[in-house]
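A.B. asks: Counting with this note's numbering, you get residues 154 to 816 for the letters of the sequence shown.
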Amino acid sequence: MTKQSARTSDLPDLWQQVASRDALQEAWYRVLANDGGSGGDGVGLGQFKSDLFANLTQLRAELLGGTYRTGPFRKVSIPKKKPGYRILTIPSIRDRVLHTSIANALTPIFEILFEDSSFAYRPGRGVVQAVARIESWRQRGYSVVIEADIVSYFDNIDHAILLQKMVPVLTPRPGSAALLELIGQIVADQGKALGTLGQGLVQGSPLSPLLANLYLDSLDEEIDEQGVKLVRFADDFVILCKTQKRAEKVLAHCVKILAAHNLRLHEDGTRIVSFDKGFDFIGYLFVRSLALKEKKTPQQQAAKPVKSHVTDEGVIELEDGGSRFDPGKRVLYVLDAAHTVATRNRSFSVLREDGSELIAIPHQRIGRIEVGPATEFSRRPIDLAVDCDIEFALIDRFGQTRGNVNGGGGKHAGLQFAQAKAVSDDVFRRVIAWRLVEARIHNQRTQLSRLARGHDGDHLGTALDQMKRILRKLPGATSVDSLRGLEGAATATYWPILGSLLNGAGDTPFRRSRPAEDPLNAVINYMTAILERDMRAAIQSVGLHPGFAFLHGVRDRHDGLVFDLMEPFRAPLTEGLAVYLLNARRLRADMFLASERWPVEISDEGRRAIVLGYETAVARRVNRTDGGGKLGWRAMMQHQARLLVHAVTSTKPDPFVPYLLEA
Numbered sequence: 154m155t156k157q158s159a160r161t162s163d164l165p166d167l168w169q170q171v172a173s174r175d176a177l178q179e180a181w182y183r184v185l186a187n188d189g190g191s192g193g194d195g196v197g198l199g200q201f202k203s204d205l206f207a208n209l210t211q212l213r214a215e216l217l218g219g220t221y222r223t224g225p226f227r228k229v230s231i232p233k234k235k236p237g238y239r240i241l242t243i244p245s246i247r248d249r250v251l252h253t254s255i256a257n258a259l260t261p262i263f264e265i266l267f268e269d270s271s272f273a274y275r276p277g278r279g280v281v282q283a284v285a286r287i288e289s290w291r292q293r294g295y296s297v298v299i300e301a302d303i304v305s306y307f308d309n310i311d312h313a314i315l316l317q318k319m320v321p322v323l324t325p326r327p328g329s330a331a332l333l334e335l336i337g338q339i340v341a342d343q344g345k346a347l348g349t350l351g352q353g354l355v356q357g358s359p360l361s362p363l364l365a366n367l368y369l370d371s372l373d374e375e376i377d378e379q380g381v382k383l384v385r386f387a388d389d390f391v392i393l394c395k396t397q398k399r400a401e402k403v404l405a406h407c408v409k410i411l412a413a414h415n416l417r418l419h420e421d422g423t424r425i426v427s428f429d430k431g432f433d434f435i436g437y438l439f440v441r442s443l444a445l446k447e448k449k450t451p452q453q454q455a456a457k458p459v460k461s462h463v464t465d466e467g468v469i470e471l472e473d474g475g476s477r478f479d480p481g482k483r484v485l486y487v488l489d490a491a492h493t494v495a496t497r498n499r500s501f502s503v504l505r506e507d508g509s510e511l512i513a514i515p516h517q518r519i520g521r522i523e524v525g526p527a528t529e530f531s532r533r534p535i536d537l538a539v540d541c542d543i544e545f546a547l548i549d550r551f552g553q554t555r556g557n558v559n560g561g562g563g564k565h566a567g568l569q570f571a572q573a574k575a576v577s578d579d580v581f582r583r584v585i586a587w588r589l590v591e592a593r594i595h596n597q598r599t600q601l602s603r604l605a606r607g608h609d610g611d612h613l614g615t616a617l618d619q620m621k622r623i624l625r626k627l628p629g630a631t632s633v634d635s636l637r638g639l640e641g642a643a644t645a646t647y648w649p650i651l652g653s654l655l656n657g658a659g660d661t662p663f664r665r666s667r668p669a670e671d672p673l674n675a676v677i678n679y680m681t682a683i684l685e686r687d688m689r690a691a692i693q694s695v696g697l698h699p700g701f702a703f704l705h706g707v708r709d710r711h712d713g714l715v716f717d718l719m720e721p722f723r724a725p726l727t728e729g730l731a732v733y734l735l736n737a738r739r740l741r742a743d744m745f746l747a748s749e750r751w752p753v754e755i756s757d758e759g760r761r762a763i764v765l766g767y768e769t770a771v772a773r774r775v776n777r778t779d780g781g782g783k784l785g786w787r788a789m790m791q792h793q794a795r796l797l798v799h800a801v802t803s804t805k806p807d808p809f810v811p812y813l814l815e816a
């Protein structure tokens with residue numbers, strides 16, 4: 154990024170360029186021309202336009218008065234060009250007007266700084282120009298290609314790094330301080346909406362493409378300085394080199410640049426190829442001297458018009474980037490009575506009440522199906538699930554498993570015999586149980602510390618110290634029963650503090666209840682049931698028996714090992730996540746109802762919000778405890794199960810290291 158040479162005295166006021174009446178009016182017309190839908194507030198273009206003057210005046214008054222706050226978002230699932238779906242998080246129309254106004258003001262400033270190798274979201278540039286550039290470099294001898302794209306790029310943009318890139322560019326300009334503060338607020342709110350505090354830009358914002366290009370501008374610069382040729386289209390890019398050896402060095406350098414930005418490349422999607430072998434990029438197939446536009450398969454053509462509104466349609470199918478399932482498979486949630494689970498050929502289909510198809514997903518892309526209590530289904534989807542070794546789970550209104558149908562799967566008698574012997578070995582069993590309890594208490598303490606940032610009070614410090622003292626006692630425990638007792642003592646300290654971190658918590662200490670007596674318990678119970686199904690899937694995928702447990706014991710009709718291996722994941726994926734979703738108002742009071750039978754029931758909208766919050770969380774990647782890189786949460790569960798396999802087959806507990814949450 155080169156320095157700007159314009160004198161600051163000649164530069165217009167940035168804040169006025171964004172917040173002036175004319176700027177907001179121009180931004181509105183651009184939003185109107187894009188013909189988009191409503192945000193989370195349900196206000197559509199027609200409704201906003203019907204009182205346009207008042208809406209823009211109010212928006213301007215809030216900006217000038219410092220009272221502007223981001224409105225609610227709406228989640229929409231749309232098909233990707235590759236198999237799968239992308240979740241768009243769409244701001245309200247008033248927010249999109251503001252974001253467009255900011256983009257209008259900043260585009261001329263950033264555009265002159267961007268490198269010539271970037272082609273997406275830029276005036277006068279696009280796919281056609283990018284394809285022409287690739288063909289041009291090929292003709293000049295750049296025949297070796299690094300084909301790559303970045304993992305969940307928009308979700309992983311670090312806000313601190315992004316703002317650091319903006320400060321030196323904007324600070325010399327009048328009005329920059331107020332604008333930088335506003336942008337900081339906007340991106341922080343987007344991170345909250347995505348469930349990724351401190352990182353992430355929503356893809357439904359008109360401002361996100363500009364900021365995304367700014368974030369990768371240093372990548373463009375450094376790669377261009379390597380004597381090779383980069384062609385980047387958003388987070389997809391190719392680097393053209395003249396030799397294989399040069400390509401290998403540049404790829405290693407590229408990985409380092411991205412790591413400095415908290416980004417990484419798709420392992421499966423990154424490779425070094427030649428034009429002779431061919432490669433895909435931005436909808437074109439490049440083979441030798443040809444650049445052929447890819448034709449849509451019948452499946453892609455059928456999927457294109459489908460839009461699954463996560464909060465309105467009630468069908469939630471999110472890509473699972475790191476589960477026990479094959480890469481790209483997902484959990485399909487069908488929660489509403491208005492939908493029916495069916496099949497079409499070898500795909501699972503969800504039908505609306507009128508019989509029209511909402512969505513169809515090939516069986517190869519599904520790892521588990523969860524069906525709500527009033528959802529209809531026939532024998533056909535169950536048969537297909539059994540044939541394809543896909544779990545078909547029936548859940549009640551509280552998220553608990555009423556029953557499930559599993560595929561045949563493989564038999565692992567030898568492994569399970571070794572597992573049974575390990576459980577029968579008192580020393581082996583006590584060591585595994587000790588490590589699970591240690592991970593449970595450690596992760597409870599870490600989760601409390603994370604949630605309590607910004608909260609005052611002495612009770613937290615006292616509780617953390619008490620739990621730390623309990624951790625020190627674990628090595629001296631002589632039995633599994635004593636370990637369970639120490640875990641119970643730590644948990645008794647943990648629950649009241651966790652409940653006190655909920656906004657609006659009263660003086661009554663929080664206590665766990667099943668069935669739930671309050672919204673927090675209801676959410677924890679629901680997500681714990683999902684976690685239970687995820688962990689059972691991880692255990693079964695590696696061949697372990699879910700009933701042979703170390704901490705929770707062995708008894709009939711009880712999958713103790715599922716609850717064993719859930720221990721390290723409860724605090725981050727159910728308890729802490731429940732507090733976060735409620736505090737962030739992604740779960741609202743009106744989503745919880747009282748009934749004659751139960752103190753608290755969750756509405757249909759609430760159940761969808763819980764599932765979406767959980768799936769958003771498990772899609773994130775976290776560091777392995779052994780320092781072996783990052784894994785998605787479901788992959789981490791499977792990794793932990795594999796470590797237990799290594800332990801029981803080696804007859805030594807040392808290989809088993811439960812997941813520990815980082816502070």
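Ideal placement from N, C-alpha and C gives every residue a C-beta, glycine not left out.
Exposed or buried, which one is Leu217 when buried takes at least 16 other CB atoms within 10 Å?
C.D. replies: Per the 10 Å Cβ criterion, exposed.
A.B. asks: Just the Cα atoms here: how many angstroms apart are Gln597 and Phe722?
C.D. replies: The alpha-carbon atoms of Gln597 and Phe722 are separated by roughly 10 Å.
A.B. asks: Please state if the CB of Arg326 and the CB of Leu164 are separated by a distance shorter than 8 Å.
C.D. replies: Yes, the pair counts as a contact, with Cβ atoms nearer than the cut-off.
A.B. asks: Assuming Val676 and Leu740 make a contact with CB atoms under 8 Å, what is their CB distance in whole Å?
C.D. replies: Contact holds; Cβ gap of about 6 Å.
A.B. asks: Do Leu416 and Ile303 have their beta-carbon atoms positioned less than 8 Å apart in this structure?
C.D. replies: Contact: yes.
A.B. asks: So, with DSSP's three-state summary, where would you put Cys394?
C.D. replies: Note: Cys394 maps to strand in three-state DSSP.
A.B. asks: Compute the Euclidean distance between the alpha carbons of Ile262 and Leu367, then round it to the nearest angstrom.
C.D. replies: C-alpha separation (whole angstroms): 11 Å.
A.B. asks: Just grab the DSSP bridge partners of Ser500 for me.
C.D. replies: In DSSP, Ser500 forms a bridge with Arg497, Pro515.
A.B. asks: Quick test of your reading: Ser296 and Asp373, contact by CB under 8 Å. State the CB separation rounded to the nearest angstrom.
C.D. replies: Actually they do not touch by this definition, with Cβ atoms about 22 Å apart.
A.B. asks: Classify Asn656 as helix, strand or coil using the three-state DSSP reduction.
C.D. replies: It is coil, neither helix nor strand.
A.B. asks: By alpha-carbon positions, which one of Tyr182, Ser191, Arg278 ends up nearest to Leu209?
C.D. replies: Comparing Cα-Cα distances from Leu209 to each of Tyr182, Ser191, Arg278, the minimum goes to Tyr182.
A.B. asks: Does the distance from the CB of Val707 to the CB of Phe701 come in under 8 Å?
C.D. replies: Going by C-beta atoms, Val707 is nearer than 8 Å to Phe701.
A.B. asks: Can you tell me where the beta strand (DSSP E) holding Gly556 begins and where it ends?
C.D. replies: Segment 554 to 558, the beta strand (DSSP E) holding Gly556.
A.B. asks: Taking 7 Å as the limit between beta carbons, can you name the residues of its chain near Leu259, skipping five residues before and five after?
C.D. replies: Taken in chain order, the residues that qualify are Leu363.
A.B. asks: Run the CB neighbour count on Ile265, radius 10 Å, all protein chains shown included, and call it buried at 16 or more, exposed below.
C.D. replies: Ile265 is exposed by the Cβ-count criterion.
A.B. asks: Kindly list the residues whose CB is nearer than 6 Å to the CB of Glu754, restricted to its own chain and excluding five residues on each side of it in sequence; keep chain order.
C.D. replies: Excluding sequence neighbours, Glu754 sits near Leu746, Ser748.
A.B. asks: On the CB-based measure, 16 or more other CB atoms within 10 Å of its CB, does Arg385 come out buried or exposed?
C.D. replies: Classification of Arg385: buried, given that the 10 Å Cβ count is 16 or more.
A.B. asks: Taking the alpha-carbon positions, what's the Gly348 to Lys626 distance?
C.D. replies: Distance between the alpha carbons of Gly348 and Lys626: 35 Å.
A.B. asks: Considering only the alpha carbon of each residue, which of Pro359, Ser245, Gln693 lies closest to Thr253?
C.D. replies: Checked all of Pro359, Ser245, Gln693; the closest Cα to Thr253 is Pro359.
A.B. asks: Run through DSSP, which three-state label would Leu471 get?
C.D. replies: Low local confidence applies: a pLDDT of 45 at Leu471 is under 50, so the model's placement there is unreliable, and no value is given.
A.B. asks: From Thr661, Pro321, Ala794, Gly785, pick the residue whose C-alpha is nearest to that of Glu720; which is it?
C.D. replies: It is Ala794.
A.B. asks: Spatial neighbours of Glu523 within its chain, please: C-beta separation below 6 Å, excluding the five flanking residues on both sides.
C.D. replies: Only Tyr486, Ala546, Ile548 meet the Cβ criterion.
A.B. asks: Of all the options Ala586, Gly641, Leu697, which has the alpha carbon lying nearest to the alpha carbon of Phe703?
C.D. replies: Of Ala586, Gly641, Leu697, the residue nearest in Cα terms is Ala586.
A.B. asks: For Val280 and Gly436, which I take to be in contact (beta-carbon distance under 8 Å), what is that distance rounded to the nearest angstrom?
C.D. replies: Going by Cβ atoms, the distance from Val280 to Gly436 rounds to 7 Å, so yes, they are a contact pair.
A.B. asks: Is DSSP giving Ile265 helix, strand or coil here?
C.D. replies: Ile265 falls in the coil class under three-state DSSP.
A.B. asks: Quick test of the definition: if touching needs 3 or more C-beta pairs under 8 Å, does the region 578 to 595 touch the region 627 to 646?
C.D. replies: In short, these stretches touch, since the Cβ pair count reaches three.
A.B. asks: Give me, in chain order, the residues of the same chain whose beta-carbon lies closer than 6 Å to that of Gly475; leave out the 5 immediate sequence neighbours on both sides.
C.D. replies: Note that Gly475 scores a pLDDT of 36, beneath 50, so its modelled location is shaky and nothing firm can be said.
A.B. asks: For Ala331, report the span of its alpha helix (DSSP H) as first-last.
C.D. replies: Its alpha helix (DSSP H) spans residues 329 to 347.
A.B. asks: Looking at the unbroken alpha helix (DSSP H) that takes in Phe722, where does it start and where does it end?
C.D. replies: Run containing Phe722: 713 to 723, per the alpha helix (DSSP H) assignment.
A.B. asks: Using DSSP's beta-bridge definition, name the partner residues of Glu523.
C.D. replies: In DSSP, Glu523 forms a bridge with Tyr486, Ala546.
A.B. asks: Which one or two residues does DSSP pair with Asp433 in a beta bridge?
C.D. replies: Per DSSP, Leu438.
A.B. asks: Under a Cβ-count criterion, where at least 16 other Cβ atoms within 10 Å of its own Cβ denotes burial, should Glu420 be classed as buried or exposed?
C.D. replies: So Glu420 ends up on the exposed side.
A.B. asks: Measuring only the C-alpha atoms, how far is Gly467 from Val196?
C.D. replies: Confidence is the limiting factor: at Gly467 the pLDDT is only 45, short of 50, which leaves the residue's position unreliable and the question unanswerable from this model.
A.B. asks: I need the boundaries of the beta strand (DSSP E) containing Asn776, first residue and last residue.
C.D. replies: 774 to 776 is the extent of the beta strand (DSSP E) around Asn776.
A.B. asks: Return the chain-ordered ranges of every alpha helix (DSSP H) run that is complete within the region 159 to 222 and spans a minimum of 4 residues.
C.D. replies: For the region 159 to 222, whole alpha helix (DSSP H) runs of length 4 or above, ordered along the chain, are 167 to 172, 174 to 187, 198 to 203, 205 to 218.
A.B. asks: Run through DSSP, which three-state label would Lys805 get?
C.D. replies: Here Lys805 sits in coil by DSSP.
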